[in-house]
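Visitor: I have a structure I would like to understand better, so I am pasting it below and will then ask my questions one at a time.
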Amino acid sequence: EEAMTMASRLAVMSEGRIVQIGSPTQVYEFPNSRFSAEFIGSTNLFEGVVVEDEPDHIFVESEDLEARMYVSHGVTGPLGMPVGISVRPERVRVTREKPGAAHNWARGVVTDVAYMGSYSLYHVRLPSGKTVMSNLSSSH
Numbered sequence: 001e002e003a004m005t006m007a008s009r010l011a012v013m014s015e016g017r018i019v020q021i022g023s024p025t026q027v028y029e030f031p032n033s034r035f036s037a038e039f040i041g042s043t044n045l046f047e048g049v050v051v052e053d054e055p056d057h058i059f060v061e062s063e064d065l066e067a068r069m070y071v072s073h074g075v076t077g078p079l080g081m082p083v084g085i086s087v088r089p090e091r092v093r094v095t096r097e098k099p100g101a102a103h104n105w106a107r108g109v110v111t112d113v114a115y116m117g118s119y120s121l122y123h124v125r126l127p128s129g130k131t132v133m134s135n136l137s138s139s140h
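Counted the way full-length UniProt numbering counts, the sequence shown spans residues 1 to 140.
Below, the structure is given as structure tokens:
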């Protein structure tokens, strides 16, 4: 993670091969593989299949989630194609309110909260049994 603060360009290597090159933001926010997603920082990974493919987005269904996942950054693929989706803990919001959107949400039960100073780390168990992490600012 030190490289993220010092470099303008990163290369992620696996077994002696470069698997992704890009700016720290590109590598962190848009990993091109499961390895890249897990290599830098924490992530929540979901396996699913493409159920809708439009020019500017896809929808993915996962057995772990009740709602479809809307993915908009240049991903494309045939219907039924298996995909992995990486969602960073700081992108997951924990709330008691019912979501207004038809996609990108899940119900769950908070099983643990760890106060980390500037943020709190929530562990949320989904109905499927999968646990996801959420980093929420302590000023919340």
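From the three backbone atoms N, C-alpha and C, an ideal C-beta is built for every residue, glycine too. Predicted model only: the values in this text are computed from it and were never measured.
#1: In or out: V92 buried (at least 16 other Cβ within 10 Å) or exposed?
#2: On the three-pair Cβ rule with 8 Å, is the region 13-32 touching the region 48-61?
#3: Determine the closest residue to T111 out of L126, S118 and H103, with distance taken between C-alpha atoms.
#4: Keeping to the same chain, check which residues put their C-beta closer than 7 Å to that of E61; ignore five residues upstream and five downstream.
#5: Quick check: what's the CA-CA separation for E15 versus K98?
#6: Based on DSSP bridge pairs, tell me the residues matched to A114.
#7: Using 8 Å for Cβ pairs, my map puts V12 next to S36. What's the rounded Cβ distance?
#8: Confirm, please, whether the CB-CB distance from A106 to L79 is below 8 Å.
#9: Measure the C-alpha to C-alpha separation of L10 and P89 and round it to an integer number of angstroms.
#10: Tell me the rounded alpha-carbon separation between V109 and G84.
#11: Here's a check: name, in chain order, each residue in its chain whose Cβ is nearer than 7 Å to the Cβ of V75, leaving out the five neighbours to either side.
#12: Could you have a look at V27 and say whether DSSP puts it in helix, strand or coil?
#13: Buried or exposed: which applies to P115, given that a residue is buried once 16 or more other Cβ atoms fall within 10 Å of its Cβ?
#14: In the DSSP assignment, find the unbroken beta strand (DSSP E) run with A11 in it and report its ends.
Guide: Per the coordinate set shown:
#1: Reading the sequence shown from its first residue, position 92 is the one you call residue 92. Counting Cβ neighbours within 10 Å, V92 comes out buried, since at least 16 surround it.
#2: no
#3: The sequence position of residue 111 within the sequence shown is 111, counting from 1. Of the listed residues, the one whose Cα sits closest to T111 is L126.
#4: On the sequence shown, position 61 is the one that residue 61 refers to. The residues are G48, V49, V51 and R68.
#5: Numbered from 1 along the sequence shown, position 15 holds the residue referred to as residue 15. Numbered from 1 along the sequence shown, position 98 holds the residue referred to as residue 98. E15 and K98: Cα-Cα distance of roughly 44 Å.
#6: As a first step, residue 114 is located in the sequence shown; it is residue number 114 there, counting from the start. DSSP, once it has assigned bridges, lists L121 as partnering A114.
#7: As a working note, residue 12 is residue 12 in the sequence shown. As a working note, residue 36 is residue 36 in the sequence shown. Right, the Cβ-Cβ distance comes to about 5 Å (below 8 Å), so this counts as a contact.
#8: On the sequence shown, residue 79 is found 79 positions in, with the first residue counted as 1. On the sequence shown, residue 106 is found 106 positions in, with the first residue counted as 1. The answer is no: Cβ separation not under 8 Å.
#9: Within the sequence shown, numbered from 1, the residue matching residue 10 stands at position 10. Within the sequence shown, numbered from 1, the residue matching residue 89 stands at position 89. Between L10 and P89, the C-alpha separation is close to 22 Å.
#10: As a working note, residue 109 is residue 109 in the sequence shown. As a working note, residue 84 is residue 84 in the sequence shown. Roughly 23 Å between the two C-alpha positions.
#11: Translated into positions along the sequence shown, residue 75 becomes position 75. Answer for V75: I58, listed in chain order.
#12: The residue given as residue 27 occupies position 27 in the sequence shown. In this structure, V27 counts as helix in the three-state DSSP scheme.
#13: Indexing the sequence shown from 1 puts residue 115 at position 115. Note that residue 115 is Tyr in the sequence shown here, rather than Pro. Classification of Y115: exposed, given that the 10 Å Cβ count is below 16.
#14: Translated into the one-based positions of the sequence shown, residue 11 becomes position 11. Start and end: L10 to S14.
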